[in-house]
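Student:
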Amino acid sequence: MPSSPVNDALVALVRHLEERRAHGEEFVWLSPKARKELRELPKALVAAPPRTAPTPPPQPDPTPPVAQARVEPDPILSAAVATPKFVPQGATKSEKLAWLAQRAKDCPEVRALDSLRETLIFSTGNPDARILFVGDAPGPEEERQGEPFVGPAGNLLTKMIAAMGLKREETYITNILKFRPAVPNQGESTRKPSREEMAVCLGFVQAEIEVVKPEVIVALGTLAALGLLGSEEPVARLRNRFHSFEGIPLMVTFHPSYLLRYTDLSERRKVWEDLLLVMEQLQLPISPKQRAYFTG
Ligand code: URA
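Taking our numbering, I'd label the letters of the sequence shown as residues 524 to 819.
1. Under 7 Å from any heavy atom of the ligand URA, by CB: list those residues in chain order, please.
2. Can you give me the Cβ contacts of L805 inside the same chain, cut-off strictly under 8 Å, excluding the 5 residues immediately before and after it?
3. Throw me the rounded Cβ distance for the M683 and L799 pair, which I believe falls under 8 Å.
4. So, G658 versus L782, is the Cβ gap smaller than 9 Å?
5. Between the segment 676-690 and the segment 612-629, are three or more C-beta pairs nearer than 8 Å?
6. Specify the secondary structure class of N698 as computed by DSSP and reduced to three states.
7. Whether or not the segment 695-703 and the segment 721-739 are in contact is what I'm after, with contact meaning three or more pairs of Cβ atoms, one per stretch, closer than 8 Å; do they touch?
8. Where E769 and P598 are concerned, what is the direct C-alpha to C-alpha distance, given to the nearest angstrom?
9. Do you know how far the Cα of P716 is from the Cα of A660?
10. Report the option in P611, T642, R718 and K616 whose CA atom is closest to the CA atom of P596.
11. Can you tell me whether N649 is buried or exposed? The criterion is at least 16 other CB atoms within 10 Å of its CB, across all chains shown.
12. Label Y785 either buried or exposed according to how many other C-beta atoms from any shown protein chain fall within 10 Å of its C-beta, with 16 as the threshold for buried.
13. Excluding the five sequence neighbours on either side, which residues of its own chain have a C-beta within less than 6 Å of the C-beta of Y816, listed in chain order?
14. Are S638 and E720 touching if we call contact CB-CB under 9 Å?
15. What residues in its chain sit with their C-beta under 6 Å from that of P663, if we drop five residues either side in the sequence?
16. How about A730 and H778: are their beta carbons less than 9 Å apart?
17. Please go through the same chain and pick out, in chain order, the residues whose beta-carbon is closer than 8 Å to the beta-carbon of D651, but skip the five residues on each side of it.
18. Following the continuous beta strand (DSSP E) through M774, name the residue where it begins and the one where it ends.
19. For H766 and L752, which I take to be in contact (beta-carbon distance under 8 Å), what is that distance rounded to the nearest angstrom?
20. From this set, E756, E755 and P631, which residue's C-alpha is nearest V604's C-alpha?
21. Quick one: Cα of V489 to Cα of F656, how far?
22. Could you tell me which residues DSSP puts in a beta bridge with I740?
23. Please name the residue, chosen from K793, Q709 and Q668, that lies closest to L643 on a Cα-to-Cα basis.
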């Protein structure tokens, strides 16, 4: 193909897509505008000149190259970056999750953001879990131990799981973000993940859910609900009923760190009522004592 801004942009686009396919992505999301631009591309392509004809002088091309086209917002998170879709490779659930973790470790989309720290904190728990918990982003203790939910909020989550009559290792625990958000002079500081960071990492959680196939998902806090449901509603309005994520019942409840800040019994009871619904959904045994937890 002869060189022109449009032709060169097309070659670059094909190369980029081939690279993503080599990393296991089979689908990319395209906005309606990008689809329209791609459909119109053949008209803008510069045809190869006949072999005998002299090469025409280069003409200024009024069409902006595709590579410079504005990136449309992510449909779920209204972020200016696309969410990659992953097709994990491997014969077993563990192999597929290991593939995803490796893909996250080397993730060029994450590195391109240049706003997350280096250490990967992917997930923990049982690939065959019936229940999957999703938080937002790892904190300093998670980074030190390389495991989600092992700091103060994690200790409370572990107690909540025990109150349900389960062991932490029986569940699958993950986060939307696979790296801790970076801040200057980091120390123990944390910050809220940006929409772009969430959009870029969301493909991993989506793929993890597809691999684990839990019977119930619990989204812990506003950001997990935003990531999985695309809902900006506060947790108070989303909780206490089941939503659906790809056909899997999904309960939204308050993040354990909210319970660490608001320690009154009534807030704990709200979370417990959400978890009782989850237990009913899983047909777990519920004793009268369990039913009455946090009622004073
Ligand atoms: N909060 C989260 O959302 N995830 C963690 O892993 C720890 C704290």
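Beta carbons are placed, not taken as given, at the ideal position from N, Cα and C, and that holds for glycine.
Tutor: The structure says:
1. With 7 Å as the limit, the residues whose C-beta approaches any heavy atom of the ligand URA more closely are I644, G658, D659, A660, P661, G662, E665, P671, F672, G674, A676, G677, N698, L743, G744, H778 and S780, in sequence along the chain.
2. In the sequence shown, counting from the first residue as 1, residue 805 sits at position 282. Excluding positions up to five away in sequence, the list reads R653, I654, E738 and V739.
3. Here residue 683 refers to the residue found at position 160 of the sequence shown. Here residue 799 refers to the residue found at position 276 of the sequence shown. Incorrect: roughly 11 Å between the Cβ atoms, too far for contact.
4. Here residue 658 refers to the residue found at position 135 of the sequence shown. Here residue 782 refers to the residue found at position 259 of the sequence shown. In terms of Cβ geometry, G658 and L782 do not form a close pair [threshold 9 Å].
5. They do not touch, by the three-pair rule.
6. Taking the first residue of the sequence shown as 1, we reach residue 698 at position 175. Strand.
7. Cβ pair count under 8 Å is three or more, so yes.
8. In the sequence shown, residue 769 corresponds to position 246, counting from 1. In the sequence shown, residue 598 corresponds to position 75, counting from 1. P598 has its alpha-carbon roughly 16 Å from the corresponding atom of E769.
9. To locate residue 660, count along the sequence shown from 1; it is residue 137. To locate residue 716, count along the sequence shown from 1; it is residue 193. Near 7 Å, if we compare the C-alpha coordinates of P716 and A660.
10. In the sequence shown, the residue the question calls residue 596 occupies position 73. Looking at the Cα atoms, R718 is the closest of the given residues.
11. Taking the first residue of the sequence shown as position 1, residue 649 is located at position 126. Burial call: buried.
12. On the sequence shown, residue 785 is found 262 positions in, with the first residue counted as 1. Y785 is classed as exposed because its beta carbon has fewer than 16 other beta carbons within 10 Å across all chains shown.
13. Position 293 of the sequence shown, counting from 1, holds the residue named residue 816. For Y816, where only same-chain residues beyond five positions count, the Cβ hits under 6 Å are W795.
14. Position 115 of the sequence shown holds residue 638. Position 197 of the sequence shown holds residue 720. It is a contact, given that the beta carbons lie within the stated cut-off.
15. On the sequence shown, position 140 is the one that residue 663 refers to. When the five nearest sequence neighbours on each side are left out, the beta carbons in the same chain lying within less than 6 Å of the beta carbon of P663 are those of E711, in order along the chain.
16. The count along the sequence shown starts at 1 and reaches residue 730 at position 207. The count along the sequence shown starts at 1 and reaches residue 778 at position 255. No, Cβ-Cβ distance for A730 and H778 is not below 9 Å.
17. The residue labelled residue 651 in the question sits at position 128 within the sequence shown. Closer than 8 Å at the Cβ level, and outside the excluded window around D651, lie K616 and V735.
18. Counting from 1 along the sequence shown, the entry for residue 774 is found at position 251. M774 -> beta strand (DSSP E) spans I771 to T776.
19. Taking the first residue of the sequence shown as 1, we reach residue 766 at position 243. Taking the first residue of the sequence shown as 1, we reach residue 752 at position 229. That belief holds up - the Cβ atoms of H766 and L752 are roughly 6 Å apart, short of 8 Å.
20. The residue you call residue 604 lines up with position 81 of the sequence shown. Comparing alpha-carbon positions, the option among E756, E755 and P631 lying closest to V604 turns out to be P631.
21. For the chain, the structure presents residues 524 to 819; residue 489 sits outside this window and is missing.
22. Reading the sequence shown from its first residue, position 217 is the one you call residue 740. DSSP lists L655 and L773 as partners of I740.
23. Residue 643 sits at position 120 when you count from the first residue of the sequence shown. The residue from K793, Q709 and Q668 with its alpha-carbon nearest to that of L643 is Q668.
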